Every structure is written in C-alpha cells, then in structure tokens.
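Chemist: Each residue of the sequence shown is one higher than the one before, starting from 1 at the first, in our numbering.
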Amino acid sequence: MAPAPLYPLVIPLLRGGRRPQTAPDARRTRRSPRYPCPAEPCPHPPSALRLPSRIRRIFVAVAALLAILGPARAHVLSMSSGELRVEGDRAELEIRMPIYEVSHLEDPAKALLDSFEIHVESAPAVRESGSCEEDPQQGALVCRAVYKLPSVPEVLEIDCRLAEATVANHVHILRVVSGELAEQKVFDYATTRESVRLEPLTPLQEFLQTAAAGARRVLSGPAQLLFLLALAVAARSRRELVAIGVGFLAAQALAAVGLTLSDWDPPARFVESAGALTVAYLATEILLLPQAGARWLVAAGMGLFHGIYFGVFLRHSEMSAAAVLSGASAAEALLLTGLGLLALKLAKDFGETLFRRIAAGLLLAGGLGWFAVRLFG
Numbered sequence: 001m002a003p004a005p006l007y008p009l010v011i012p013l014l015r016g017g018r019r020p021q022t023a024p025d026a027r028r029t030r031r032s033p034r035y036p037c038p039a040e041p042c043p044h045p046p047s048a049l050r051l052p053s054r055i056r057r058i059f060v061a062v063a064a065l066l067a068i069l070g071p072a073r074a075h076v077l078s079m080s081s082g083e084l085r086v087e088g089d090r091a092e093l094e095i096r097m098p099i100y101e102v103s104h105l106e107d108p109a110k111a112l113l114d115s116f117e118i119h120v121e122s123a124p125a126v127r128e129s130g131s132c133e134e135d136p137q138q139g140a141l142v143c144r145a146v147y148k149l150p151s152v153p154e155v156l157e158i159d160c161r162l163a164e165a166t167v168a169n170h171v172h173i174l175r176v177v178s179g180e181l182a183e184q185k186v187f188d189y190a191t192t193r194e195s196v197r198l199e200p201l202t203p204l205q206e207f208l209q210t211a212a213a214g215a216r217r218v219l220s221g222p223a224q225l226l227f228l229l230a231l232a233v234a235a236r237s238r239r240e241l242v243a244i245g246v247g248f249l250a251a252q253a254l255a256a257v258g259l260t261l262s263d264w265d266p267p268a269r270f271v272e273s274a275g276a277l278t279v280a281y282l283a284t285e286i287l288l289l290p291q292a293g294a295r296w297l298v299a300a301g302m303g304l305f306h307g308i309y310f311g312v313f314l315r316h317s318e319m320s321a322a323a324v325l326s327g328a329s330a331a332e333a334l335l336l337t338g339l340g341l342l343a344l345k346l347a348k349d350f351g352e353t354l355f356r357r358i359a360a361g362l363l364l365a366g367g368l369g370w371f372a373v374r375l376f377g
C-alpha cells in the first residue's frame, strides 16, 4: 500500500497546533477532490486544507496596507514655511524652503513662485515682482513676491502646490497677516487650496482649526501610518494594545514639546533612518521573540522619533502645541484602535503565529528598505 501523504502531519504543525490523537468525526471522512485523503479517515480538520489560500489572503491584506503608505521617495521631514502679509489691495509673500528640497529643480525660483496663486472673489491677483536668493546660514532658499489684488479682500483664496514642485508629502505652513490678524494654513498634496477670512477667530475656532491641522498630519503621512501599523501588529491583546498606544503617544508628546524648547535642528536623514530602524527592530522582535514582554517600551522609543516630526512642525508653524498634539493624538488613537482590533481579528482567524510572522516579515522588509533609501539615497 502506498505511504500516506505528509500534509496531514505538516500543515497542523505549521498552524501552531498538534497532531490530533483522536479519530475524527465521520462527517470528515469524505475524500476531497482537491486534497484526497487515504482510505482511513483524515486526521486533520478541513480548515487546515485551506491554509495556502489563507496565507495568500493574509499576504495580500498586509501588502495592501503597506502599499497605501505611499512612495518611499517622499521625505518624512519635508517642510517649509512662509508668510503672506496683506495691506489694502497689495500682498507680499515670503517663502523659506530648505535647499535640499529644491536641489533637483532646474529653475527653483520659477517652480516655487509659480506654485502660488492668490484669488479674491475668484479673480486672480497679479504678481508684480518675484525673486529668490540663497541664505547660507539657514540652508534655505528665500523667495519674495509682491502681488496686486483685484480689490481690498474680505476673504483670500490661496492655492499652494509646492508638493508638486518638491516631493509628494511636502508640507508648507503659511502665516497670513493682515493688521493685527494672524492666521496659519497648512498645505500638502491633499490640501492645495485654503480660504482665509480676514477677521479674528474665536478661541474655540482657533483651537479646532489647529487640532484639525495636527490630525491631517497623521492621516496624510505615509511614515505615520507605517508606525501605527507596526504597533498594531505588535499588540497581542487588547490590554497590550492600550499599553503600547499610551507609551507611544506619551513619548511622542514629550519629544515634540522638548524639541520646540531646544535649539537642536535634527538632520532629516538621521531622523528618518532612525525611525525606519525602529520599525525594523519591532518587526524583528515579533519574529524572533514572539513572547517578549514590555513592548510598550519599544513603542515609546518609536514615539520619540515620531515626536521629532511634530516638533519640527510646531517649530515651523508656531501653532499651539496643545492643540496640534491633541488633534494628532486623537487621530492616532482612533487609527491604532482600528488597526489593532483588525490585527487581533486576523490573528484569531488565521492563526496567531502565521499571521504575525507574515505581517512582521513585510514590516521588516519595509523598514529596512526605507532605511537603505534614506541612508544611501
């Protein structure tokens, strides 16, 4: 008689279980046309026979989540600042752009100035002059332009497409000043047009507007989503998910506030490389030390590097740290809760060991790839 196939023994072991010792139910003795059993009853449940398709489903699900994180070329710390000063029917614009953000442009001055448009009641403003010069001390390209507005504005409509001229997730923080009124707007690849009403905001309006700016930094940042996905995969229970989230958010707030109070100007390549390594380290721990404790400490380390991003944002914007971090923390808490519960559900359905190994392997590849691009790119 031909020997029995090995898959009844191997597949249950791969799924983290043991070989059943008791005879199966009589309903499971029917031979499958795809996986025929020997003459005796199959010693494994039918669910084990579907393991290859489950592996593919896990791989596709996690890969899809990684794919939406955006291109690896985009810088995490890609920011610039500017000021638009309005007096009557004239406006003066100043842009401060890091040199390394425009080194690939043939004509940086034209590209930057052409990325701005101002409208009053849908009528475009006319740029009367514009020029750029390098500031070696700040390592920045400073551009200035003067605009003639169609009329004295009550509402300004500003178009800013610097993300198209620089890198995909570039963030520009523009301060609009008119008399004693000052309001800040944040532009990125998803938000290219903002309206500014030249009238004072109430304290509540200002807080909500600033908190929304912090939340958008989380929702539109590929690196931020990668960090949260890694934390969600690392959590093995709801209790651990809460501990990881608290450690991450507390360390993030501490780093952000600390950076705004210090004189340290973090190199973008260093911060991004270190952040990529923290993702790779956490993925390695999931693979090699699946029972390791105190993962909230690793999450806190990731929060420190993540907080540097918000510290740079606060330094450029001069926004309220409490409002920005409140909005960012709320968005991160919601995302981490959703991703964490989804990861726990997938781990329960497809097997704890199998799911976390596949997810951690993809995160490890993503973290090391990001590190290599930032270090050698």
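Glycine included, every Cβ here is placed at the ideal spot set by N, Cα and C.
Bear in mind the structure is a predicted one, so any value in this text is a computation, not a measurement.
What residues in its chain sit with their C-beta under 7 Å from that of GLN291, if we drop five residues either side in the sequence?
Modeler: Counting from 1 along the sequence shown, the entry for residue 291 is found at position 291. Within the same chain, GLN291 has no close Cβ partners at all.
Chemist: What residue ranges within the stretch 234 to 299 form continuous alpha helix (DSSP H) runs of no fewer than 4 residues, ordered along the chain?
Modeler: Runs found: 238 to 261 and 268 to 288.
Chemist: So for GLN184, helix, strand or coil by DSSP?
Modeler: Locating residue 184 in the sequence shown gives position 184, where the first residue counts as 1. Here GLN184 sits in strand by DSSP.
Chemist: Would you identify the three-state DSSP class for ASP349, choosing helix, strand or coil?
Modeler: Looking up residue 349 in the sequence shown gives position 349. Looking at ASP349 - three-state DSSP - the assignment turns out to be helix.
Chemist: According to DSSP, is GLU106 helix, strand or coil?
Modeler: Indexing the sequence shown from 1 puts residue 106 at position 106. Coil.
Chemist: Indicate the three-state DSSP secondary structure (helix, strand or coil) for LEU66 in the structure shown.
Modeler: As a first step, residue 66 is located in the sequence shown; it is residue number 66 there, counting from the start. In this predicted model, LEU66 has a pLDDT of only 42, less than 50, meaning its place in the structure is not dependable enough to derive any value.
Chemist: Quick one: what's got a C-beta closer than 7 Å to ALA280's C-beta in the same chain, skipping five residues either side?
Modeler: Position 280 of the sequence shown holds residue 280. LEU364, GLY367, LEU368 and PHE371.
Chemist: Along the chain, where does the beta strand (DSSP E) that runs through PRO98 open and close?
Modeler: Within the sequence shown, the letter at position 98 stands for residue 98. Note, PRO98: beta strand (DSSP E), 90 to 98.
Chemist: Could you tell me the boundaries of the beta strand (DSSP E) in which GLY174 lies?
Modeler: If you number the sequence shown from 1, residue 174 lands on position 174. Reading off the sequence shown, one finds Leu at residue 174, where the question assumed Gly. Segment 171 to 178, the beta strand (DSSP E) holding LEU174.
Chemist: Specify, as a first and last residue, the run of the beta strand (DSSP E) that LEU198 falls within.
Modeler: Counting from one through the sequence shown, the residue named residue 198 turns up at place 198. Where LEU198 is concerned, there is no enclosing beta strand (DSSP E), given that its DSSP letter is neither H nor E.
Chemist: Where does VAL120 fall in DSSP's three states?
Modeler: On the sequence shown, position 120 is the one that residue 120 refers to. Correct three-state label for VAL120: strand.
Chemist: Give the DSSP-derived three-state secondary structure of VAL324 in the structure shown.
Modeler: Position 324 of the sequence shown, counted from the first residue, corresponds to residue 324. Correct three-state label for VAL324: helix.
Chemist: Per DSSP, which residues does ILE158 bridge with? Please list them.
Modeler: Within the sequence shown, residue 158 is the residue found at index 158, counting from 1. According to DSSP, ILE158 bridges with ILE118 and GLU194.
Chemist: Are there 16 or more other CB atoms within 10 angstroms of the CB of PHE376, so buried, or fewer, so exposed?
Modeler: As a working note, residue 376 is residue 376 in the sequence shown. Per the 10 Å Cβ criterion, exposed.
Chemist: For ALA123, tell me which candidate among ASP89, ASP188 and ILE99 has the shortest Cα-Cα distance.
Modeler: As a first step, residue 123 must be located in the sequence shown, where it is residue number 123. ALA123 has its Cα closest to that of ASP89, out of ASP89, ASP188 and ILE99.
Chemist: When burial is assigned at 16 or more other CB atoms within 10 Å of the CB, is ALA190 buried or exposed?
Modeler: As a first step, residue 190 must be located in the sequence shown, where it is residue number 190. Result: exposed.
Chemist: Please report how far the alpha carbon of GLU128 lies from the alpha carbon of GLU101, in whole angstroms.
Modeler: On the sequence shown, residue 128 is found 128 positions in, with the first residue counted as 1. On the sequence shown, residue 101 is found 101 positions in, with the first residue counted as 1. Each residue's alpha carbon lies about 26 Å from the other.
Chemist: Grab the span of the beta strand (DSSP E) containing MET319 for me, first residue to last.
Modeler: The count along the sequence shown starts at 1 and reaches residue 319 at position 319. Element bounds for MET319: n/a, residue is neither H nor E.
Chemist: Just checking my contact of LEU112 with MET97 at CB under 8 Å: how many whole Å lie between their CB atoms?
Modeler: Along the sequence shown, one-based indexing puts residue 112 at 112. Along the sequence shown, one-based indexing puts residue 97 at 97. Yes, LEU112 and MET97 are in contact; Cβ-Cβ is about 6 Å, under 8 Å.
Chemist: If distances are taken between C-alpha atoms only, which option among LYS110, SER220 and LYS348 comes closest to ARG236?
Modeler: Residue numbering aside, residue 236 sits at position 236 when the sequence shown is read from its first letter. Minimum Cα distance to ARG236 is reached at LYS348.
Chemist: Around the C-beta of ARG356, are 16 or more other C-beta atoms found within 10 angstroms, so that it is buried, or is it exposed?
Modeler: Counting from one through the sequence shown, the residue named residue 356 turns up at place 356. ARG356 is buried by the Cβ-count criterion.
Chemist: Report the option in VAL171, CYS143 and PRO153 whose CA atom is closest to the CA atom of SER220.
Modeler: Against the sequence shown, residue 220 aligns to sequence position 220. Out of VAL171, CYS143 and PRO153, VAL171 has the C-alpha closest to the C-alpha of SER220.
Chemist: Reducing DSSP to helix, strand and coil, say where LEU149 ends up.
Modeler: Locating residue 149 in the sequence shown gives position 149, counting from the first residue. Coil.
Chemist: Name the DSSP bridge partner or partners of LEU368?
Modeler: Against the sequence shown, residue 368 aligns to sequence position 368. Looking at the DSSP assignment, LEU368 forms no beta bridge with any residue, so it has no partner.
Chemist: Within the same chain, show all residues whose beta-carbon is closer than 6 Å to that of ALA145, passing over the 5 residues directly before and after it, in chain order.
Modeler: Here residue 145 refers to the residue found at position 145 when the sequence shown is read from its first residue. Same-chain partners within the cutoff: LEU93, LEU113, ARG127 and GLY130.
Chemist: In terms of DSSP beta bridges, what is MET79 paired with?
Modeler: For the purposes of this step, residue 79 is identified with residue 79 of the sequence shown, where counting begins at 1. Partner(s): VAL171.
Chemist: Ordered along the chain, which non-local residues of its own chain (more than five positions away) have a Cβ less than 8 Å from that of ALA333?
Modeler: As a position in the sequence shown, residue 333 is number 333, starting the count at 1. Closer than 8 Å at Cβ, skipping near neighbours: GLY245 and LEU249.
Chemist: Report, in whole angstroms, the separation of the C-beta atoms of ALA165 and LEU105, which I expect to be a contact under 8 Å.
Modeler: Taking the sequence shown and counting its residues from 1, one reaches residue 165 at position 165. Taking the sequence shown and counting its residues from 1, one reaches residue 105 at position 105. About 7 Å; that satisfies the 8 Å criterion.
Chemist: So what does DSSP say about SER129, is it helix, strand or coil?
Modeler: Start at 1 with the first residue of the sequence shown, and residue 129 comes out as number 129. If DSSP states are grouped into helix, strand and coil, SER129 belongs with the strands.
Chemist: Label LEU362 either buried or exposed according to how many other C-beta atoms from any shown protein chain fall within 10 Å of its C-beta, with 16 as the threshold for buried.
Modeler: As a working note, residue 362 is residue 362 in the sequence shown. Buried, by the Cβ-count rule.
Chemist: Taking 9 Å as the threshold (beta carbon to beta carbon), is LEU149 in contact with chain C?
Modeler: The structure shown has no chain C; it contains just one protein chain.
Chemist: Is it right to say LYS148 is buried, meaning 16 or more other beta carbons lie within 10 angstroms of its own, or is it exposed?
Modeler: Translated into positions along the sequence shown, residue 148 becomes position 148. With fewer than 16 other Cβ atoms within 10 Å, it is exposed.
Chemist: Take the Cβ of PRO203 as the centre, count every other Cβ of all protein chains shown within 10 Å, and call the residue buried at 16 or more, exposed below.
Modeler: Mapped onto the sequence shown, residue 203 falls at position 203. Classification of PRO203: exposed, given that the 10 Å Cβ count is below 16.
Chemist: According to the neighbour-count rule (16 or more other Cβ atoms, all chains shown, within 10 Å of its Cβ), is ARG374 buried or exposed?
Modeler: Here residue 374 refers to the residue found at position 374 of the sequence shown. Label assigned to ARG374: buried.
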